[in-house]
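Engineer: Quick one: the structure is below, and I'll ask about it shortly.
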Amino acid sequence: MNYVVLTIFFLLSALTLGSGIMVVTVKNIIHAALWLISTFVGVAALYMLMEAEFLAIVQVLVYAGAVSILVLFAIMLTRQITGTGTRQLHSRWWVAMLTAAALFGGVIVPTVWQQGSSWDKTASDAQAILVQQATEANGGTRPEIIPVAGTEELGAALMGEYLLPFEVVSLLLTAALIGAILIAFEERTRRRRVLTLAEELALRKRGIVEPHDEEGAVVPVDAEQAV
Amino acid sequence: MTLSTRKGTVNIVEVNRHDNNIHAGQGTLKGLDIVFRKFRKALFGKANTERDDTEGQFNVQYPEERLVLAEAYRNMPILLYDDATGQELCTSCFQCERVCPPQVIHITQAKHPETGKPVPAAAEFVLEYDTCMSCGYCAEVCPFDAIKMDHDFELSTADHPALDVHYTHLLRPVSYYEAIAPTMWAEVRDAALKKLQNNIKRRPGNIGVDHGQKIAGKSSAAAPKAATPAAGAAGRKQYTGPIAKVGTSMSEDKLARLMAIREANTGKRGGPPESGAHAIEADVATNAAGQVAPSDQATSGSAASKATGPVAAPGKNMSEDKLARLMAIREANKAKQGE
Amino acid sequence: MTYWPVIAVDAWIGLVLVSIIKVTLILVGGSLGMMFLTWYERRAIAYMQDRRGPNRVGPQGLLQPVSEAIKTMTKEDITPLDADRVVHFLAPVVMLGATVLAFAVIPWGNLFPSSLRVGVLFIFAVTGLHTVGMLMAGWGSNNKFALLGGMRGVAQMVSYEIPLLMALLPIILLSGSLSLTDIVTRQGDWYGFGWYVFSPVGLTAFITFFIAALAEGERTPFDIPEADSEIVAGYLTEYGGMKFAVFYLSNYMTNLALCFIMASLFLGGGNGPGVTALGTVLGGLLSLVYFFIKALALFFLMVLIRGTVPRLRVDQLMGFAWKFLLPIVLVNVFSTAIWVAITRWGPQAQIFTDWFGEPASDNYLRYGVAIVVTLIINLLAVYAVMRINRRQPSDLTEEEIALGLAG
Amino acid sequence: MVGTIPIAWVLTLAAGLFCIGLFGALSRRNTVGILMGIELMLNSVNINLVAFWRYLRPMGTAGLTFTVFTIAVAAAEVAVGLAMVIAIYRARQTINADEADTLKG
């Protein structure tokens, strides 16, 4: 047993699970999003522990750097910032609690722990084959470290074996990009353009006077027609 | 486009809005080039010495290096008195008090001790330096040229009440003002001294002199220094004088200590041994000798005083032709006075 | 499960100790470097404006940052009354943490190589966490200007991360590695002058990367998050004393890291004439000198730009990233692929071998053809992008014509 | 170096994260909160994929590739989901899931 690895694993588990629990329980939705970032970083560290360096970095880059920022932006744009005073959980939250607990304690854990030994067995079988292959490749002597597929192999796989799924995913991303823009796009004519004082003055001098609404902001002519 | 000045030509890059000939980042590149040239000239080029210079190092390392102040530079008002007789030029006509925009001048007129009638002299003259805005209106309006603007700008103090400056601390000898602003004084000198003569006749006893006696050597620390701006590179005088003006708001023993320190410093520097209380007396003597008594000999003495007086200040910071023009003006003035 | 090598506990302790020492060195070195950098920037920009800059504290003012550090440290630590205290406190920590992590994989010359295989990506992943710190600072301050600054900063950083990473792709294609150490090593040909910046694709990548790096490091003209003429001090508005100093430290350390990265990726890192000839130790020291000279020259360029170019408007900033940088960078990836094909492909493309001969490092015909082809492609791309983005008189709105801006 | 940890532990961790995410997705009123729960679930799936890859087929690339795809799909899902949240907010001035209960837009 390597206690250092174990300690690191337990620390990371505590970080991931603890901040995951905070994500679903804290009242302040912004705090929940910040805890979500913490969870993502914990998961990235787990990937690093499992020697998936590239994935760990993609996790930080995409999840902690982009997705969480998107979430924070959405929260701020929808102005439901603090959430204190309003209920964050709906009235039958205990049903959800029971479902989740039952799923965890009744289904997953027994399966995992019953199958755990056989998985270990298959794992050791696979390892034995791997070691054998590596030994042959190394010229008869057993290599000290089992080679693990890295970034180069991943890139080769994406460009070779998984080329079609890769293209499909990229198409999906493009479609999602366009769709998101279309859904969230606010029609320009509805927006109220507020001229600066200098612009308004210049327009007045040229005899172009635009209608004002009751708050004093200038309503462009095309907007008038649209409304 | 080039702009030609007296110092040569200056390149000016003109970029119009929506200029189709400036694109592909050319404007930015040109700007970077100009800024880099400025950087190079400021770092390796000569120090900027003249007011017409547009490039080079502009900074003056203030406590060590100083620019020579222009004659018409004005900071705070001071009052003048005659070196020889100690007669103050102020007649308490209240013109300055009336014109002062922030109303910081407060004058008490002197009274005849027997009849109680007003006398053309001030008994007390208080000026609040902390509120004064250095507009110079008082100096402009004064019909007797008694109030003038000083060049001393290092007035910061932790003692706020001391900024209500009283008559004794406002007074400077005429020779001091002549040292800092020779041209401007030369223009008004004769008229001012003549008016002073008339006023002296109407001052009984000691009135009009009593303030001057107390601070006879008041200005000595600053006056000779301002008169000798020689040392140092062109246009920058190496500052060797005292950092603070003496005695404006100091107690006696503090003044004594300061004098001792300055004595020591002067000895260290090997400079002229004019310092301290001793120097004050010496200065008074010099001033008295240099300044012709303001009596009926006034006109004849003016030329002599011009010759011996400290006229060294101009010329340090001026271009050649400007200096020539200044000299011509002085000649003209001298000729006018000679008539 | 016994096939993996089990490292002994004392080796782990040694590793941990070495890591702690390294982290301490990075932290101390980074802070000192940041102090030097502030002095350097202030002096340089002062001379650009015909001034002298700070020259009183210490020799040539070198100790000015020290006195300022003491000043900020002794200042009162203020948290706004209605602020989110924890978030407000954690924001500078997140910023500094992200910056310091980026320093972990930078090779300092040839002396201290870094071993992470995906080092380049790592740097940009952790630099991306700056956005989190910004948003935390902006929101946690409970201040409109802070929130505006934070949102602006995040929008800017997210937009410019795309051209930044895309400008990186040509270098990864050329070197075939994501490790900074490998990338630096592969620029050591031609007597230490095999820098990537000397190829058309590398030059294009360098210029675009530099511009995007200016935006990532919030340097003028992209300092919109801290535009003090518009939104007080952006997300820094409610910070003072030590917390402000930490933000400042993180900002300058990011710029230092970006300069180091650019020096490593495009300017050959510690490579230069005489490095390989002098052996490990002396050559390593020489490479360190080269490395610092390159990084400081890049920072000088940043200061020069700060002294020249005024701040952009928000829409100009976004338009520049999406309409100008991104197309050029994409075309540059394409032309890099062509460069690699022409200079390296032997058996994959027999036709190249027939025309230009076998691929080799001294086959100058292949390099010449590659330079010409990629140069033409890149120039055409730049011309096309400029042509598309140039505003025609017919594009002007009525308001602009009425305002007389049309001329 | 991960070999000293039994795979079952990693899977349990992933399962715990999944259940936490499920609870969040089921119990939150706020739509953004629901999306966050879904993100947690997707992450736990990714942990599972990486763990199986690392313990069973470290030389292969299937697990890595699938994780990359999952991350990409999750990013797309978040983008579209948040766009919808903003659209809903614009139409109804609320983003609570139980208040947006009519089909009329």
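Residue numbers (this note's numbering), protein chains in the order written: chain A, 142 to 368; chain B, 202 to 540; chain C, 395 to 801; chain D, 999 to 1103. Virtual Cβ for every residue (Gly too), placed ideally from N, Cα, C.
1) Taking 9 Å as the CB-CB limit, is residue 1089 (chain D) close to chain A?
2) When the cut-off is 9 Å and only beta carbons count, does residue 529 (chain C) lie next to chain A?
3) Can you tell which of C:713, C:653, C:671 has the C-alpha that lies nearest to the C-alpha of residue 782 (chain C)?
4) How would you write the range of the alpha helix (DSSP H) that residue 704 (chain C) sits in, first residue to last?
5) Can you tell me the Cβ-Cβ gap for residue 757 (chain C) and residue 746 (chain C), rounded? I've got them flagged as a contact below 8 Å.
6) Taking Cβ-Cβ distances below 8 Å as the criterion, which residues of the segment 683 to 711 of chain C are in contact with chain B?
7) State the Cα-Cα distance for the pair residue 336 (chain B) and residue 404 (chain B), rounded to the nearest angstrom.
8) If you drop the 5 nearest sequence neighbours on each side, which residues of the same chain put their C-beta closer than 6 Å to that of residue 513 (chain C)?
9) Name the residues in the segment 441 to 460 of chain C whose C-beta lies less than 7 Å from a C-beta of chain B; which are they?
10) According to a CB-to-CB cut-off of less than 8 Å, which residues of the segment 202 to 213 of chain A neighbour chain C?
11) Are residue 532 (chain C) and residue 545 (chain C) touching if we call contact CB-CB under 9 Å?
12) What's the gap between the Cα of residue 652 (chain C) and the Cα of residue 719 (chain C)?
13) Going by CA-CA distance only, name the one from C:579, C:722, C:642, C:556 that's closest to residue 659 (chain C).
14) Under a three-way DSSP split, which group does residue 463 (chain B) fall into?
15) Within the same chain, show all residues whose beta-carbon is closer than 7 Å to that of residue 594 (chain C), passing over the 5 residues directly before and after it, in chain order.
16) Go ahead and pull the three-state DSSP assignment for residue 603 (chain C).
17) Between the Cα of residue 397 (chain B) and the Cα atoms of B:284, B:318, B:385, B:463, which residue gives the shortest distance?
18) Going along chain A in order, which residues have a C-beta closer than 8 Å to the C-beta of residue 525 (chain C)?
19) Report all residues from its chain with a CB closer than 8 Å to the CB of residue 731 (chain C); omit the five preceding and five following residues, and keep chain order.
20) Within 10 Å of its beta-carbon, does residue 232 (chain A) have 16 or more other beta-carbons around it, so buried, or fewer, so exposed?
21) Residues in its own chain within less than 8 Å of residue 559 (chain C) by CB, not counting five upstream and five downstream?
22) Less than 9 Å between the C-beta atoms of residue 442 (chain C) and residue 706 (chain C), yes or no?
23) Per DSSP, what are the beta-bridge partners of residue 278 (chain B) in this structure?
24) At what residues does the beta strand (DSSP E) containing residue 311 (chain B) begin and finish?
25) Does residue 308 (chain A) pass the burial test, meaning 16 or more other C-beta atoms within 10 Å, or should it be called exposed?
26) Enumerated in chain order, which unbroken segments of the alpha helix (DSSP H) with a length of 4 residues or greater are wholly contained in the segment 375 to 411 of chain B?
27) Quick one: using the 10 Å Cβ neighbour count with 16 as the cut-off for buried, is residue 565 (chain C) buried or exposed?
28) Closest Cβ-Cβ distance between residue 178 (chain A) and chain C: below 9 Å?
29) Can you grab the Cα-Cα spacing for the pair residue 457 (chain C) / residue 349 (chain B), in whole Å?
30) Counting only beta-carbon atoms, is residue 1036 (chain D) nearer than 9 Å to chain A?
31) Taking Cβ-Cβ distances below 9 Å as the criterion, which residues of the segment 239 to 250 of chain A are in contact with chain C?
32) Under 9 Å, Cβ to Cβ, is there at least one residue of chain C near residue 436 (chain B)?
33) Helix, strand or coil for residue 324 (chain B), going by three-state DSSP, please let me know.
34) Going by Cα to Cα distance, which pick from C:437, C:452, C:715 is closest to residue 260 (chain B)?
35) Over the uninterrupted beta strand (DSSP E) stretch that includes residue 1088 (chain D), give me the two end residues.
36) Looking at residue 234 (chain A) and residue 1042 (chain D), is the spacing between their C-beta atoms short of 9 Å?
Structural biologist: Working from what's here:
1) no
2) yes
3) Ranking C:713, C:653, C:671 by Cα distance to residue 782 (chain C) puts C:713 first.
4) Premise fails: residue 704 (chain C) is in no alpha helix (DSSP H) and is neither H nor E.
5) 10 Å between Cβ atoms; not a contact.
6) 698, 699, 701, 702, 703
7) 31 Å
8) 499, 573, 574
9) 441, 442, 444, 445, 446
10) 202, 205, 206, 207, 209, 210, 213
11) yes
12) Between the alpha carbons of residue 652 (chain C) and residue 719 (chain C) lies a distance of about 18 Å.
13) C:579
14) In this structure, residue 463 (chain B) counts as helix in the three-state DSSP scheme.
15) 765, 768, 769, 772
16) helix
17) Nearest to residue 397 (chain B) by C-alpha distance, out of B:284, B:318, B:385, B:463, is B:284.
18) 206, 210
19) Around residue 731 (chain C), the same chain offers 567 as residues with beta carbons nearer than 8 Å, after the five sequence neighbours per side are excluded.
20) exposed
21) These residues qualify, in order along the chain: 518.
22) no
23) Under DSSP, residue 278 (chain B) forms a beta bridge with B:350.
24) 306 to 312
25) exposed
26) 375 to 381, 383 to 402
27) buried
28) It does; some Cβ of chain C falls within 9 Å.
29) 44 Å
30) no
31) Cβ contacts with chain C come from no residue of the segment 239 to 250 of chain A.
32) Note on residue 436 (chain B): pLDDT 37, under 50, position unreliable in the model; no value is reported.
33) strand
34) C:437
35) Boundaries around residue 1088 (chain D) are those of the alpha helix (DSSP H), 1060 to 1090, since no beta strand (DSSP E) includes it.
36) Contact annotation: residue 1042 (chain D) and residue 234 (chain A) have beta-carbon atoms that are not nearer than 9 Å.
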